[in-house]
Amino acid sequence: MSETTGTRRSRRGFLRAVTRRFGTWPLFGVILVWVVLALVVFTVLGWLWGEGPLWSWQRWLTNWRGAGVGADSLDLVKVSLTTIGGIGGTGYLVIKYRERASAERAERDAEQNRAEQRLLSGVQQLGSGSPQVRIAGVYSLADVADTYRGEYRQRVVSILCGYLRTQRGEWRTIVNEQDGPEQSSEEKVYVSHDGAVESTVLEVLVRHLRKRCEKTKHREAVTQLVEDDQLWCDCTIDLHGAFLTEIADFRGATFTNDANFERATFTNDANFERATFTNDANFSGAKFKAHANFQDATFTNDANFSGAKFKAHANFWDATFTDHANFSGATFTNDANFSGATFTNNAYFGRATFTNHAYFGGVTFTNDANFGRATFTNDANFGRATFTNDAYFSGATFTNHADFQGATFKAHANFGRATFTNHANFSGATFTNHANFQGATFTNDANFGRATFTNHADFSGATFTNDANFQGATFTNDANFQGATFTNDANFQGATFNRVAYFGGATFTDHAIFRGATFTDHAYFSGATFNRVAIFRGATFNRVAYFSGATFTDHAYFSGATFDRADFRGATFTRSAPPRGLPPGRVDEDGLPHGARWADADDEGLEAGSPDDAPR
């Protein structure tokens, strides 16, 4: 078995050697071989068609001597000669094809060798000690990518990106004495020795990444700088950990493949205005020490800015995030502008820190928007923002103005345990689903005037240190203020409670204003404490109003209020003038505070359904 296999291998090797040798013969040698082959075939055909004994010499020479050849035989000879010619011609064509293929292969090998040599030469230039030589190397490599394309394009891009990832400078300590020697501070600054080469690499990259884009309603036109077959948009751009000291101008760039800027440092401006990221864009842990401009940028796939640090202005105005946008743990030291941005998928800003102004006015969050435990040290503007899905602000801290005026929350809005140190403006806001402010703290004014709560509104345990304004607010479902604390004025004038209103155990340290409020369902004020004036003038209670055990330390005004049924058992009126000679701390003999009336009172002013008829 082994001998047979060895014999076959030797034969195949011999044939390959002969074929290779045959394919390299000159034309004269090829013709000679073909003539010999033709003579042999002519003789064999004569033997096959001849007469006589099989192995007689006369039969072998049938065609040569012409003996016994008839008319039919002549036709056969013609056919044989034609066959011989065809065999020879086919053989010749095969040989010429092999010669051509071999020449093309040799040409390709030579071309690849030239490409490899030019690539190696460019890399060697890029490693030179002379900046001029390195710049020449950058252009040489770019020319290799544009000339040979294919695999060389990604190789060149990887080489250029790898160069930007290398250490090309040094860290120096600078002493800042602007405030005097006593208050001097030290700062570590990275000093590059390769600025000219770095800017050249960036310019070459951007030049090959700008893909033609027509002007639209919301986007400016992008001018393409190279031919279509010279674009590098489909290449992977890997600049993770790169330290860039020059301006990174990627305006209008198109990244069809992954764009990796993880932990990259931009010490100068980073401009990605109108850039398009078709695949993943990774800026996690990146540091932007100067302006970061992503205005009108489009992120079709995941956009990861988690843990990124923006030391200067961060501009995402009108940016579009089609897939996940992750800014969790990001730090915005200067203004962060997301006005007009669109988040089609989940937007994560959990634990993010906004030290300066945060602009989210007019932003549309189509999916979940997570700002849990985020910190807004300066103004936070979410005016007219739209939250189509859940909005999470639980545990968030707003140190300065928090503006949600006219915002729309179409799903769950969670502000549980959030802290508003300065003004909180939710005037005109719409909460279509559950609004959770449980345990929230409002240190300054809280404005919910004309706000609409279509579903459950939970303010239980909330603390309002300054004015709380719910004037004209509409609560379509349950409104829960149980255990809430109002240190300053609580204004619910003209508010509408279509379902149960819970104020049991609430504390009103200053004025409690419910003038003209409408309670369509039960109203629970049991155990509530009113330390200052309580105004319920003109209020309407269409179901049972529970004030049992409530404490009115100052004046309580119920003139013009209308009750269907009421429970004031155990209520204490400390400063209200006792009507009709009754002792202080009592209600009128009809069971209502002075000035109030029953909805269906008879001529004597007494209600058929007195407090004794109210549910226990």
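Quick note, the sequence shown lines up with residues 13 to 628 if you use the numbering used here.
Built from N, CA and C at the ideal position, the CB exists for glycine as well.
In the structure shown, what three-state DSSP assignment does A608 receive? Here residue 608 refers to the residue found at position 596 of the sequence shown. Three-state result, A608: coil.
Beta carbon of A331, beta carbon of T354: below 9 Å? The sequence position of residue 331 within the sequence shown is 319, counting from 1. The sequence position of residue 354 within the sequence shown is 342, counting from 1. In contact: A331 and T354 (Cβ atoms closer than 9 Å).
Going by DSSP, which residues form a beta bridge with L256? Numbered from its first residue, the sequence shown carries residue 256 at position 244. Per DSSP, F278.
Closest Cα partner of T279 within the set V203, A348, T312, D292: Counting from one through the sequence shown, the residue named residue 279 turns up at place 267. Of the residues V203, A348, T312, D292, the one whose Cα lies closest to the Cα of T279 is V203.
What are the residues that DSSP puts in a beta bridge with Y360? Counted from its first residue, the sequence shown places residue 360 at position 348. Note: Y360 sits in a beta bridge opposite N338, N382.
For S204, does the three-state DSSP call read helix, strand or coil? The residue given as residue 204 occupies position 192 in the sequence shown. Under the three-state reduction of DSSP, S204 is assigned to strand.
State yes or no: is the C-beta of F498 within less than 9 Å of the C-beta of D470? For the purposes of this step, residue 498 is taken as residue 486 along the sequence shown, with counting starting at 1. For the purposes of this step, residue 470 is taken as residue 458 along the sequence shown, with counting starting at 1. No, the Cβ-Cβ distance between F498 and D470 is not below 9 Å.
Can you have a look at K321 and say buried or exposed, based on whether 16 or more other CB atoms are within 10 angstroms of its CB? One-based indexing of the sequence shown puts residue 321 at position 309. With 16 or more other Cβ atoms within 10 Å, it is buried.
First through last residue of the beta strand (DSSP E) which encompasses V234: As a position in the sequence shown, residue 234 is number 222, starting the count at 1. Note, V234: premise wrong, no beta strand (DSSP E); not H, not E.
Count the other CB atoms, across all protein chains shown, that sit within 10 Å of the CB of K299; report buried if there are 16 or more and exposed otherwise. Looking up residue 299 in the sequence shown gives position 287. Counting every other CB atom within 10 Å of its CB across the protein chains shown gives K299 a total of 16 or more, marking it as buried.
Can you tell me which of the three DSSP states T312 falls into? Along the sequence shown, one-based indexing puts residue 312 at 300. Three-state result, T312: coil.
Cross-strand partners of A298 (DSSP beta bridge): Taking the first residue of the sequence shown as position 1, residue 298 is located at position 286. A298 is not bridged to any residue.
Residue from A302, E258, F388, E128 with nearest C-alpha to H413: Indexing the sequence shown from 1 puts residue 413 at position 401. For the residues A302, E258, F388, E128, the minimum Cα distance to H413 belongs to F388.
Kindly list the residues whose CB is nearer than 7 Å to the CB of R462, restricted to its own chain and excluding five residues on each side of it in sequence; keep chain order. Sequence index remark: in the sequence shown, residue 462 carries index 450 (1-based). Cβ neighbours of R462 beyond the five flanking positions: S439, G440, G484, A485.
Would you mind stating whether R549 and F570 have Cβ atoms separated by less than 9 Å? Indexing the sequence shown from 1 puts residue 549 at position 537. Indexing the sequence shown from 1 puts residue 570 at position 558. Cβ distance < 9 Å, so R549 and F570 count as in contact.
Determine the direct distance from the alpha carbon of V545 to that of W610, and round the result to whole angstroms. Reading the sequence shown from its first residue, position 598 is the one you call residue 610. Reading the sequence shown from its first residue, position 533 is the one you call residue 545. Distance between the alpha carbons of W610 and V545: 22 Å.
P590 versus A436: straight-line alpha-carbon distance, rounded: Residue mapping note: residue 590 aligns to position 578 of the sequence shown, counting from 1. Residue mapping note: residue 436 aligns to position 424 of the sequence shown, counting from 1. At P590, the pLDDT of 45 sits below 50, so the modelled position is not reliable and the matter cannot be decided from this model.
So what does DSSP say about N125, is it helix, strand or coil? Position 113 of the sequence shown, counted from the start, is the residue given in the question as residue 125. Reduced to three states, the DSSP call for N125 is helix.
A148 in three-state terms, based on DSSP: The sequence position of residue 148 within the sequence shown is 136, counting from 1. In the structure shown, A148 sits in a helix (DSSP, three-state: H, G or I).
Determine the direct distance from the alpha carbon of D292 to that of G373, and round the result to whole angstroms. As a working mapping, residue 373 is identified with position 361 in the sequence shown. As a working mapping, residue 292 is identified with position 280 in the sequence shown. Cα-Cα distance, rounded: 26 Å.
Where P595 sits in the DSSP three-state scheme: Against the sequence shown, residue 595 aligns to sequence position 583. Caution applies to P595, whose pLDDT of 42 falls short of 50 and renders its modelled position unreliable; the value that the coordinates give is listed next. DSSP places P595 in coil when its eight states are reduced to three.
To the nearest angstrom, how far is the alpha carbon of R587 from that of P605? Reading the sequence shown from its first residue, position 575 is the one you call residue 587. Reading the sequence shown from its first residue, position 593 is the one you call residue 605. Going from the Cα of R587 to the Cα of P605 covers about 12 Å.
Can you grab the Cα-Cα spacing for the pair T640 / W329, in whole Å? The structure shown does not extend to residue 640, since the chain spans only 13 to 628, so no value can be given for it.
Starting from the Cα of G506, find the closest Cα among A583, N445, F553 and give me that residue. Taking the sequence shown and counting its residues from 1, the one referred to as residue 506 is at position 494. That would be F553, whose Cα lies nearest to the Cα of G506.
Of the choices D246, F537, F383, G528, whose alpha-carbon is the least far from that of N492? Counted from its first residue, the sequence shown places residue 492 at position 480. Ranking the options by Cα distance to N492, first place goes to F537.
Roughly how many angstroms separate the alpha carbons of F273 and T420, rounded to a whole number? For the purposes of this step, residue 273 is taken as residue 261 along the sequence shown, with counting starting at 1. For the purposes of this step, residue 420 is taken as residue 408 along the sequence shown, with counting starting at 1. When rounded, the distance between both Cα atoms is 35 Å.
Spell out a yes or no on whether the segment 119-135 and the segment 159-178 are touching, meaning 3 or more CB-CB pairs, one atom from each, closer than 8 Å. The segment 119-135 makes contact with the segment 159-178; the number of CB pairs closer than 8 Å reaches 3 or more.
Quick one: Cα of T519 to Cα of F476, how far? What you label residue 519 is simply residue 507 of the sequence shown in a count that begins at 1. What you label residue 476 is simply residue 464 of the sequence shown in a count that begins at 1. Annotation: T519 to F476 spans about 10 Å, alpha carbon to alpha carbon.
Host alpha helix (DSSP H) of V556 (start-end): To locate residue 556, count along the sequence shown from 1; it is residue 544. Membership of V556 in any alpha helix (DSSP H) is not indicated; the residue belongs instead to the beta strand (DSSP E) covering 552-558.
Check the C-beta distance from D415 over to A392 and give it rounded, since I have them as a contact under 8 Å. Position 403 of the sequence shown, counted from the start, is the residue given in the question as residue 415. Position 380 of the sequence shown, counted from the start, is the residue given in the question as residue 392. About 7 Å separates the two Cβ atoms, so the contact holds.
Compute the Euclidean distance between the alpha carbons of G582 and G528, then round it to the nearest angstrom. Within the sequence shown, the letter at position 570 stands for residue 582. Within the sequence shown, the letter at position 516 stands for residue 528. G582 and G528 have their C-alpha atoms roughly 25 Å apart.
Which of helix, strand or coil does DSSP assign to K630? Not covered by the structure: residue 630. The range shown for the chain is 13 to 628.
What residues in its chain sit with their C-beta under 6 Å from that of N445, if we drop five residues either side in the sequence? As a position in the sequence shown, residue 445 is number 433, starting the count at 1. Excluding sequence neighbours, N445 sits near A423, H424, N467.
Could you give the distance in angstroms between the alpha-carbon of D612 and the alpha-carbon of D576? The residue labelled residue 612 in the question sits at position 600 within the sequence shown. The residue labelled residue 576 in the question sits at position 564 within the sequence shown. About 8 Å.
Nearest to S170 (by Cα), restricted to the options N125, V209, C247, A282: Translated into the one-based positions of the sequence shown, residue 170 becomes position 158. With distances taken between Cα atoms, S170 lies closest to C247.
Environment of H369 [buried if 16+ CB atoms lie within 10 Å]: Position 357 of the sequence shown, counted from the start, is the residue given in the question as residue 369. When all chains shown are included, H369 counts as buried.
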